[in-house]
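In our numbering, the protein residues as written are 1 to 132.
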């Protein structure tokens, strides 16, 4: 591979790989989230693989007054939690992928800047500025 081939491959991969709408339409949704159970209040809860299990969760009760509760360190094993765990893993994976892409973009920008500087130096040597 010549020196610019790796960068060109990275650019093609980024251009081809970052179309969420196309990817969604081709593969369809990857999680099947059941409708929420009807109850008096609404409880929103998320589980994470990192040590964030004691983050406060938000609960809206029948009085419409918000209250905050601590999540237990271990969520009860309920089949409804499986799609949320899959979603959490997907979000974590996307975060990792975004970090990788950000590093690639930084490398590409740095290489582009150095190539620009080299080209400008070359052009100045071939086409010297006119005399004053």
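Beta carbons are placed, not taken as given, at the ideal position from N, Cα and C, and that holds for glycine.
DSSP on residue 150, reduced to helix/strand/coil?
A query on residue 150 cannot be resolved here, the shown segment of the chain reaching from 1 to 132 and no further.
Could you give the C-beta distance for residue 108 and residue 10, rounded to a whole number, given that I count them as a contact under 8 Å?
Against the chain shown, residue 108 aligns to sequence position 108. Against the chain shown, residue 10 aligns to sequence position 10. With a Cβ gap of about 7 Å, residue 108 and residue 10 count as contacting.
If distances are taken between C-alpha atoms only, which option among 92, 84, 105 comes closest to residue 6?
On the chain shown, position 6 is the one that residue 6 refers to. Residue 105 is the option with its Cα nearest to residue 6.
For residue 95, which of helix, strand or coil comes out of DSSP?
Counting from one through the chain shown, the residue named residue 95 turns up at place 95. Three-state result, residue 95: helix.
Given residue 4 as reference, the closest of 124, 94, 112 once Cα atoms are compared:
Counted from its first residue, the chain shown places residue 4 at position 4. Taking only the C-alpha atoms, the option nearest residue 4 is 112.
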